[in-house]
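Heads up: the protein sequence lines correspond to chains A and B, in order. In this text, residue positions in the first sequence follow my numbering: the first is 1, and each later residue adds one. In this text, residue positions in the second sequence follow my numbering: the first is 327, and each later residue adds one. Built from N, CA and C at the ideal position, the CB exists for glycine as well.
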Amino acid sequence: MILVIAEQKDGRLNRASWETIAGAQQLDPSAITVLVPGASAASVAAELAAANVSEVVTVEHAALNPYTPDGYTAALQDAIAQLGPTHVLLPHTYQTRDFAPKLAARLDRAIVTDVTAIKKSPSTGSGQADVAFVRPMFQGKLTADVVPQGPPPHFVTFQIGAYRVDQVAKGSSSAPVRALTVNVDASQVRQNPEAPFQQAKAAVDLSQAERIVSVGRGIKEQANIKIAEDLARALGAELAASRPICDSGWLPMERQVGSSGQTVAPKLYLALGISGAIQHLVGMKGSNTIVAINKDPDAPIFEIADYGIVGDLFEIVPAMIEALKQ
Amino acid sequence: MKIAVCIKQVPTREWQPRLDDSKTWIREADASFEMNEPDAYALEEALRLKEKHGGEVVVCSAGPARVAQVIREALARGADRAIHVEDDGLASADAFVTASALAAAMQDEKFDLVLTGLQSDDQGFAQVGVVLAEKLGTPHSTIIMEVHVEGSNLRVKRELEGGWFQWIAMPLPAVLTIQSGINQLRYATLKGIMAAKKKEIRKAAALAASAPKQKIVSLYVPEKGKKTQIISGSPAEAAKALVQKLRDEARVIQ
Numbered sequence: 001m002i003l004v005i006a007e008q009k010d011g012r013l014n015r016a017s018w019e020t021i022a023g024a025q026q027l028d029p030s031a032i033t034v035l036v037p038g039a040s041a042a043s044v045a046a047e048l049a050a051a052n053v054s055e056v057v058t059v060e061h062a063a064l065n066p067y068t069p070d071g072y073t074a075a076l077q078d079a080i081a082q083l084g085p086t087h088v089l090l091p092h093t094y095q096t097r098d099f100a101p102k103l104a105a106r107l108d109r110a111i112v113t114d115v116t117a118i119k120k121s122p123s124t125g126s127g128q129a130d131v132a133f134v135r136p137m138f139q140g141k142l143t144a145d146v147v148p149q150g151p152p153p154h155f156v157t158f159q160i161g162a163y164r165v166d167q168v169a170k171g172s173s174s175a176p177v178r179a180l181t182v183n184v185d186a187s188q189v190r191q192n193p194e195a196p197f198q199q200a201k202a203a204v205d206l207s208q209a210e211r212i213v214s215v216g217r218g219i220k221e222q223a224n225i226k227i228a229e230d231l232a233r234a235l236g237a238e239l240a241a242s243r244p245i246c247d248s249g250w251l252p253m254e255r256q257v258g259s260s261g262q263t264v265a266p267k268l269y270l271a272l273g274i275s276g277a278i279q280h281l282v283g284m285k286g287s288n289t290i291v292a293i294n295k296d297p298d299a300p301i302f303e304i305a306d307y308g309i310v311g312d313l314f315e316i317v318p319a320m321i322e323a324l325k326q
Numbered sequence: 327m328k329i330a331v332c333i334k335q336v337p338t339r340e341w342q343p344r345l346d347d348s349k350t351w352i353r354e355a356d357a358s359f360e361m362n363e364p365d366a367y368a369l370e371e372a373l374r375l376k377e378k379h380g381g382e383v384v385v386c387s388a389g390p391a392r393v394a395q396v397i398r399e400a401l402a403r404g405a406d407r408a409i410h411v412e413d414d415g416l417a418s419a420d421a422f423v424t425a426s427a428l429a430a431a432m433q434d435e436k437f438d439l440v441l442t443g444l445q446s447d448d449q450g451f452a453q454v455g456v457v458l459a460e461k462l463g464t465p466h467s468t469i470i471m472e473v474h475v476e477g478s479n480l481r482v483k484r485e486l487e488g489g490w491f492q493w494i495a496m497p498l499p500a501v502l503t504i505q506s507g508i509n510q511l512r513y514a515t516l517k518g519i520m521a522a523k524k525k526e527i528r529k530a531a532a533l534a535a536s537a538p539k540q541k542i543v544s545l546y547v548p549e550k551g552k553k554t555q556i557i558s559g560s561p562a563e564a565a566k567a568l569v570q571k572l573r574d575e576a577r578v579i580q
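This is the structure we're talking about:
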């Protein structure tokens, strides 16, 4: 049986949970249990039961609210012992990254993170020895097929966007929902979290932008940001950046696109000197038309670009501004 | 305060990938290496905490002989001494093997605080820090953007997705994984480089290496998911052709 750990906050499921269910259905659609932890789990259980899965299990416990890695590890350790899955699948969110390696280490089981696809060996069909999980390595320059080792359950986390929400097969009727009781010693929880907050209310909502010009390390220095600004103006685009540019303070954090910044899907996304680290790609790969200008022909950004120019952005961008005037 | 910083040596950003004959790992002989960027931020944060609270910073790395390069660099930037768990098998080890090797070498040191980068630029598991915390039996928190030590307690700012943050308190000892950009990095001075030569690097053997938890069966250059039109020509020609395609073909600009 495959166990999917869904992620919800205040009774709202994230998209990545649905994507993970789509991944589970690829792996083995015959026996999937979706577990949803935390207060208000019951309110999203009915929603999840619409998917073609065997059952939905809710786990509510004081130690799960608010989220802490210690609380989640203890509660899910008990739930897994009761359910006995062969695989535990999770979305590769910041929250999963915070607790899933600990949970796998506690159980002394394999965990393959940031998976983008499943490869089943055609010879013998399913069965865990025949399944490889595909994941990026070396900043996306290489891809690896990885087989988890040792006894089950094997933990797998899926990269955001690896599967699409609309790939989830719906069931002919609602899957049964039940509550699972877990035993957690509350004194095991050592982290004491405060309420989440937003640093600065985002003044720029990049998610609404129709066109975005985005700059990365290839811009080299702060003074060069101006040429990207000029191009953005000529295109009627918003200016955005990859994380290193905002870390350096060359553009404000609110203009950052990627897993730690905003997720965007404009009609046009023009990436200037952005190599295309996974953390950036997950924030923009839903864009309609992607253009990459980069001096490195092997930059991973070219793998998802519709149009690419391999060359010096300091020559190409002024030429584009010129061409746009015509 | 006794602070450990776990650092990894990874191929440089400019490195062009080449595979070895087994097609399950890279040709290391062709690669040039540097300190994993998030680990460099973890080191800087440790040095700042030491400047504020006193104590020592011990840099720990698990890898083959070549990782001595980044250990020396960390010592030159200001770390006081180092522990090198040396084993050729650690070059391509998974996160469990690496964390187990580090934990065994670090256990008796009784560190107050262990910092490391949130993930490595090579295999990118984002697991070692968290698994290490479990093996050392300490609490942890990940993707940290601010660290305050208040007596025997920590108060840290954890980054959440989409521009959200959260403060978390926990007792020491603890393990934190540090996000890039938490601080401004310092570089080694000539004086630091000279001083580093006299600093202790304790070699530890990777005793009873734990069994790998994952196996790379194939490593390859990614297949392109999309058909990318590469536009060639001089910068002026390529720029003009691109603008025309964006107008007439993609119809995303006027």
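Tell me which same chain residues have a C-beta within less than 7 Å of the C-beta of B:Ala-391, skipping the five on either side of it? Only Glu-412 meet the Cβ criterion.
Which word fits B:Asn-589, buried or exposed, when buried means at least 16 other C-beta atoms lie within 10 angstroms of its C-beta? The requested residue 589 of chain B is not part of the displayed model; chain B covers only 327 to 580.
Determine the DSSP secondary structure at A:Gln-326, reduced to helix, strand or coil. coil
For a contact defined as C-beta to C-beta under 7 Å, what are the partners of A:Val-131 on chain B? None at all; the shortest Cβ gap to chain B is about 11 Å.
Tell me the DSSP secondary structure of A:Asn-224 in three-state form. helix
beta-carbon A:Gly-311 near the ligand COA non-hydrogen atom, thresh 7 Å: By its list of ligands, the structure shown contains no ligand whatsoever, and the ligand COA lies outside what it can speak to.
Could you check which residue in B:Arg-353, B:Asp-438, B:Gln-540 has the C-alpha nearest to that of B:Pro-343? B:Arg-353
Identify the residues that DSSP records as bridge partners of A:Glu-178: which are they? Looking at the sequence shown, residue 178 of chain A is not Glu but Arg. Answer is A:Val-57, bridged to A:Arg-178.
Which of the three DSSP states is assigned to B:Leu-502 in this structure? strand
CA-CA distance, B:Ala-521 and A:Asp-108? Separation of B:Ala-521 and A:Asp-108 (C-alpha to C-alpha, rounded to the nearest whole angstrom) is 41 Å.
Which value, in whole angstroms, describes the spacing of the CA atoms of A:Asn-224 and B:Met-361? Annotation: A:Asn-224 to B:Met-361 spans about 27 Å, alpha carbon to alpha carbon.
When the Cα atoms are used, what is the spatial distance from A:Asp-114 to A:Lys-226? Going by the C-alpha atoms only, they are around 35 Å apart.
Going by DSSP, what residues sit across from A:Asp-145 in a beta bridge? A:Val-134, B:Ser-544
Per-residue burial, A:Gln-8 [other beta carbons within 10 Å of its own, 16 or more giving buried]: By the neighbour-count rule (16 or more Cβ atoms within 10 Å), A:Gln-8 is buried.
Look up B:Met-531 in the DSSP assignment and say whether it is helix, strand or coil. A small fix is needed here, since residue 531 of chain B is Ala in this sequence, not Met. Correct three-state label for B:Ala-531: strand.
Closer than 8 Å at the beta carbon, the chain B residues around A:Ala-319: Pro-561, Ala-562, Ala-564, Ala-565, Lys-566
Can we say the segment 135-151 of chain A touches the segment 446-455 of chain B, given the rule of at least three CB pairs closer than 8 Å? yes
Within 10 angstroms of its Cβ, does B:Ile-637 collect 16 or more other Cβ (buried), or is it exposed? The structure shown does not extend to residue 637 of chain B, since chain B spans only 327 to 580, so no value can be given for it.
Could you check whether the Cβ of A:Arg-255 sits closer than 8 Å to any Cβ belonging to chain B? Under the 8 Å criterion on CB atoms, A:Arg-255 is classed as non-interfacial with respect to chain B.
Residues of chain B with a CB under 7 Å from the CB of A:Pro-193: which are they? Gln-492, Ile-494
For a quick check, are the C-beta atoms of B:Gln-393 and B:His-410 less than 8 Å apart? The displayed chain sequence assigns Val, not Gln, to residue 393 of chain B. Contact flag set, yes.
Taking 8 Å as the threshold (C-beta atoms), are B:Val-396 and B:Leu-335 in contact? Checking the displayed sequence, the identity of residue 335 of chain B turns out to be Gln instead of Leu. Cβ atoms of B:Gln-335 and B:Val-396: closer than 8 Å.
With B:Gly-443 as the anchor, note down where its beta strand (DSSP E) starts and where it stops. 439-443
Checking 8 Å against the spacing of the C-beta atoms, do A:Val-59 and A:Thr-33 come in under that value? Taking 8 Å as the Cβ cut-off, A:Val-59 and A:Thr-33 do not qualify as a contacting pair.
Against chain A: residues of the segment 532-548 of chain B by CB proximity under 8 Å: So the list reads Ala-537, Pro-538, Lys-539, Gln-540, Lys-541, Ile-542, Val-543, Ser-544, Leu-545, Tyr-546, Val-547, Pro-548, given in the order they occur along the chain.
Residue interval of the beta strand (DSSP E) (run including B:Met-496): 490-497
Distance check for A:Leu-35 and A:Val-57, CA to CA, integer angstroms please. 5 Å
Closest to A:Ala-175 by CA distance: which of A:Ala-31, A:Val-204, A:Val-257 is it? Nearest neighbour of A:Ala-175 by Cα position, chosen from A:Ala-31, A:Val-204, A:Val-257, turns out to be A:Ala-31.
Hey, A:Gly-218 and A:Ile-274 are a contact pair by Cβ (cut 8 Å); roughly how many whole angstroms apart? About 7 Å separates the two Cβ atoms, so the contact holds.
So B:His-474 contacts chain A; which residues on that side make the cut at Cβ distance below 9 Å? The contacting residues do not exist; B:His-474 stays about 13 Å from chain A at best.
Kindly indicate the opening and closing residues of the beta strand (DSSP E) around A:Asp-114. Per DSSP, the unbroken beta strand (DSSP E) holding A:Asp-114 starts and ends at 111-115.
Flag B:Pro-343 as yes if its beta-carbon sits less than 8 Å from any beta-carbon of chain A, otherwise no. yes
At what residues does the alpha helix (DSSP H) containing B:Met-520 begin and finish? 516-522
Measure the beta-carbon distance from B:Arg-407 to B:Leu-373 and round it to whole angstroms, keeping in mind my assumption that it falls under 8 Å. Incorrect: roughly 14 Å between the Cβ atoms, too far for contact.
Leaving out five residues on either side along the sequence, give the residues of the same chain with a beta carbon under 7 Å from the beta carbon of A:Gln-128. The predicted position of A:Gln-128 is uncertain, since its pLDDT is 46 and thus under 50; a value taken from the coordinates is nonetheless stated next. Contacts found: Thr-86, Pro-152, His-154.
Have a look at A:Gly-308, A:Met-253, A:Ala-104 and flag the residue whose alpha-carbon is nearest the alpha-carbon of A:Gly-276. A:Gly-308
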